[in-house]
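Step one of this worksheet: look at the structure below.
2 protein chains.
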Amino acid sequence: MPLKNTNVVSAYQTKFGRLEGVTLREIFAEAVDGATDNAGIPKKDIQAVFVGTFIPEMLVHQGHTAPLLVDYAGLRGVAATRHEAACASGATALRSAVMAIESGIYDTVLVASAEKMTSVSTNRATEALAAAADDEFESSMGLTFPGVFGIAAVAHMAKYGTTEEDMARAAVKAHKNASTNPLAQFQKEITLEKAMTPRYIAWPLKLFDCSPISDGGAALVLTSNEKAKQYTDLPVKIIGTGQASASMNLCDRNDLTAFESSIAASKEAYKMAKLGPKDMDVAVVHDCFTIAEIIASEDIGLFKPGEGAKALREGVTALDGDMPINPMGGLKAVGHPVGATGVKQAVVIYRELIGDAGANQVANHDTGIMHNFGGTGATAVVNIMRRSDV
Amino acid sequence: MPLKNTNVVSAYQTKFGRLEGVTLREIFAEAVDGATDNAGIPKKDIQAVFVGTFIPEMLVHQGHTAPLLVDYAGLRGVAATRHEAACASGATALRSAVMAIESGIYDTVLVASAEKMTSVSTNRATEALAAAADDEFESSMGLTFPGVFGIAAVAHMAKYGTTEEDMARAAVKAHKNASTNPLAQFQKEITLEKAMTPRYIAWPLKLFDCSPISDGGAALVLTSNEKAKQYTDLPVKIIGTGQASASMNLCDRNDLTAFESSIAASKEAYKMAKLGPKDMDVAVVHDCFTIAEIIASEDIGLFKPGEGAKALREGVTALDGDMPINPMGGLKAVGHPVGATGVKQAVVIYRELIGDAGANQVANHDTGIMHNFGGTGATAVVNIMRRSDV
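Chains as they are written, first to last, in the numbering used here: chain A, 848 to 1237; chain B, 848 to 1237.
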């Protein structure tokens, strides 16, 4: 049955990008302040913090990040647990927070996340990111993430006729949406021709098919129904949540044109929400690479397998389309500070649903879905959110 | 009010120590098999896995460990989330599992944990462990963990008159209890004279005051009341749980003779369980160093501040004492594969409570408490467990 007691009552995203002169803890603290004090929710009301960070151990030589970051953000003493699931770290933290509220153990909690990636060289960041794949079986052989998603792209092209131009269209859409999002790393529109620039990272993926290396943070406050009324007239309910895993290495997969973890997680979330893909007004999916958006849009049931590129070509997924996807620009153009991404996705859905998305507002905004994806798809989390007055 | 729906129905610990020729995933898989198939709980019944690992990123260049380890252990596809809180990683995973059951979202889940530490040099392991402290403020200046707990020991000695010999008694007790525990890294009794060997690691802590670097894993199956009956006639209930944080760096602490996170977490757990320290029959506390056992026994209220060493001297905390602490040997003698320790502590309480502790069985075993501690005490988790027939 649908979750009945979990509400998002505030949400904040920092600017994403190369944030010069600020450290991990400073980014995190900005996100926390934005979702609490500055949103009218005093920090003293926060009973626990669910933290998402991916790999501060290798990026800033810091483990045990939850109490460290929470202390710096002015919440010393509060129970704080770090969740790590590669690029899905943020959504696993969010999901734990949902369970904490539903359990009745807490009634007001914070989900907060940050990643500082530009403090190391691109090579070192790439090495750190590779720890999200199977080191013994694959990444130590040199298969980095552009390679992983390049393989998926080739498989999708071979099976469904998806083209490099289709993927480039996802990049054009991302940059267009991000051009009006002041928090985006890239706020510049690009032409299809530019997106097709043959600067290959891992064939068939080119520079504009890849999300960037970014710094950034995001946070949300979740409460029970009773507490929600104290903070806002328009809470957003989390009515369904799903999570699944899959083999980490690609060599154990039966199909590279779909990710079974995304399929399973979305089915679980729809079932819990008692809703289906047709009930979704807006979607945020994990577009670490352009092909990932196309595949995710199929995996979570918005389009039939193989029809994601067609929807993109026909403008269905544009901001003003029938099924807008990544209306604020996605990982591709907004940036991808890994541990923060899943929380930021929920921030986007929250803002769209309450009608606070400015130039990026979608027309219909009762119900939204977010899909966060870890590494090679070994983790997928899907949440369905609905405005409380619907 | 006490938690009412969370039961431990099986528990397993691997051998701890320098485990030659086995990898992280193999250790983890042994723990999972031990708590599931080999305990009569089919893997197909497991709906989610809560994983505790501390720092595989730096020890075996592997992040995103939850789905990787769960896949290798025969649970591909199941939702799996990794929790990291330095030495308290295991107990934070356990606590998330408690919330998952209490929320009603799942009714049968696995908590599983492992660390492989001996694959790197001792220096590299020490560097990795240091990531659990504040890198910017303290650990980068050279303050490693023996130093942190050496400072706590000096403060405790100055304030309460605790002596090096008192700490050595904790080591003697740990080795004595571990001598009959076949899963312990050290199964040899030591004399007080040997424990006092002046081989200083960080004054006043000597070699025998320090827990070792270890490999190992542990796992538990948790279920709702309804499911528990399918698996065992004697489930153990988790009736109280508490978690708190503190400043990571010592320079922000007001008192170095007590850890406020432990005090706060234990108060929360007692309150939830509607029990007090006097109701505890057996305790497992986080003795990464001998002084840590003494301080923890005071922090969680078993003895008044400053009286932990006296209780130890008088044999109160011995296996046959009135308040046995670490009856199977603790981190000090059983070993400390960091991410696995918190789960192993719950395994010990479970085995003691159901009367399955063999030569290490305590006389009274209705109710037990476990205390898991992260890094410099920036995280503390306390759980109270009770046999279901009490």
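Glycine is no exception: its CB is placed at the ideal position from the N, C-alpha and C atoms. No experiment lies behind these values; they were computed from the predicted model shown.
When the cut-off is 7 Å and only beta carbons count, does residue i lie next to chain A?
i          : result
ILE902(B)  : yes
VAL956(B)  : no
SER1144(B) : no
THR928(B)  : yes
ASP892(B)  : no
MET905(B)  : yes
VAL917(B)  : yes
PRO914(B)  : yes
ILE1085(B) : no
THR1038(B) : no
ARG1100(B) : no
ARG1046(B) : no
ALA979(B)  : yes
What residue range is occupied by the uninterrupted beta strand (DSSP E) comprising residue i?
i          : result
LEU1067(B) : 1063-1070
ARG953(A)  : Checking the sequence, you will find Tyr at residue 953(A) rather than Arg. Run containing TYR953(A): none; DSSP gives neither H nor E here.
SER1235(B) : Unbroken run through SER1235(B): none, as it is neither H nor E.
ARG929(B)  : 926-931
ILE1048(B) : 1047-1049
ALA977(A)  : From DSSP, ALA977(A) is part of no beta strand (DSSP E) but of the alpha helix (DSSP H) over 969-977.
GLY899(B)  : 895-899
ASN854(B)  : 854-860
VAL1129(B) : 1129-1131
Tell me whether the beta-carbon of residue i lies closer than 7 Å to the beta-carbon of residue j.
i          : j          : result
ALA1042(B) : PHE1033(B) : no
ALA913(B)  : VAL898(B)  : yes
ALA1116(A) : GLY1087(A) : yes
SER857(B)  : ILE948(B)  : no
ARG1234(B) : LEU1200(B) : yes
SER1108(B) : ALA1093(B) : yes
GLY1189(B) : GLY937(B)  : yes
HIS911(A)  : ALA920(B)  : no
MET1127(A) : THR1214(A) : yes
ASP981(A)  : ASN1101(A) : no
HIS1022(A) : GLU1036(A) : yes
TYR859(A)  : ALA876(A)  : no
SER943(A)  : SER950(B)  : no
HIS1133(B) : ASN1028(B) : no
ALA1156(A) : THR1009(A) : yes
LYS999(B)  : ILE1141(B) : For the record, residue 999(B) in the displayed sequence is Ala; it is not Lys. No, these two residues do not count as a Cβ contact at 7 Å.
GLU1154(A) : ARG929(B)  : no
Does residue i come out as helix, strand or coil in the three-state DSSP assignment?
i          : result
GLN1090(B) : strand
ILE1216(A) : strand
GLY1153(A) : coil
THR1226(B) : strand
PHE1136(A) : strand
LEU957(A)  : strand
GLY997(A)  : helix
GLY1148(A) : coil
ILE1085(A) : strand
Less than 8 Å between the CB atoms is what I'm expecting for residue i and residue j, so what's the real figure, rounded?
i          : j          : result
PHE863(A)  : GLY1186(A) : The pair is not a contact, with the Cβ atoms about 12 Å apart (cut-off 8 Å).
PRO1184(A) : MET848(A)  : Actually they are not in contact, since the Cβ atoms of PRO1184(A) and MET848(A) sit about 35 Å apart, beyond 8 Å.
MET1232(B) : VAL855(B)  : 7 Å
GLY1144(A) : ALA1158(A) : Residue 1144(A) is actually Ser in this sequence, not Gly. Right, the Cβ-Cβ distance comes to about 7 Å (below 8 Å), so this counts as a contact.
VAL1209(A) : LEU1069(A) : Between LEU1069(A) and VAL1209(A) the Cβ distance is about 23 Å, and since that is not below 8 Å, they are no contact.
ALA1193(B) : LEU1067(B) : 6 Å
ARG1198(B) : ALA1204(B) : 5 Å
At the 7 Å Cβ level, is residue i part of the contact set with chain B, yes or no?
i          : result
ASP826(A)  : With chain A covering only 848 through 1237, there is no way to say anything about residue 826(A).
MET946(A)  : yes
CYS911(A)  : The amino acid occupying residue 911(A) in the given sequence is His; Cys does not appear at that position. Yes, because at least one Cβ of chain B sits closer than 7 Å to the Cβ of HIS911(A).
THR1226(A) : yes
MET964(A)  : no
THR1256(A) : Not covered by the structure: residue 1256(A). The range shown for chain A is 848 to 1237.
GLY1148(A) : no
ALA994(A)  : Before going further, note that residue 994(A) is Gly rather than Ala in the sequence given. By this cut-off, GLY994(A) is not an interface position.
MET1095(A) : yes
HIS1133(A) : no
SER950(A)  : yes
Applying a beta-carbon distance threshold of less than 7 Å, which residues of chain D neighbour residue i?
i          : result
GLN1090(B) : No chain D appears in the structure shown, which is made up of the protein chains A and B.
From what residue to what residue does the alpha helix (DSSP H) around residue i run?
i          : result
THR1188(A) : 1185-1201
VAL869(A)  : Where VAL869(A) is concerned, there is no enclosing alpha helix (DSSP H), given that its DSSP letter is neither H nor E.
VAL917(B)  : 912-919
Beta carbon of residue i: closer than 6 Å to some heavy atom of the ligand PLP?
i          : result
THR1137(A) : This structure lacks the ligand PLP; in fact it carries no ligand of any kind.
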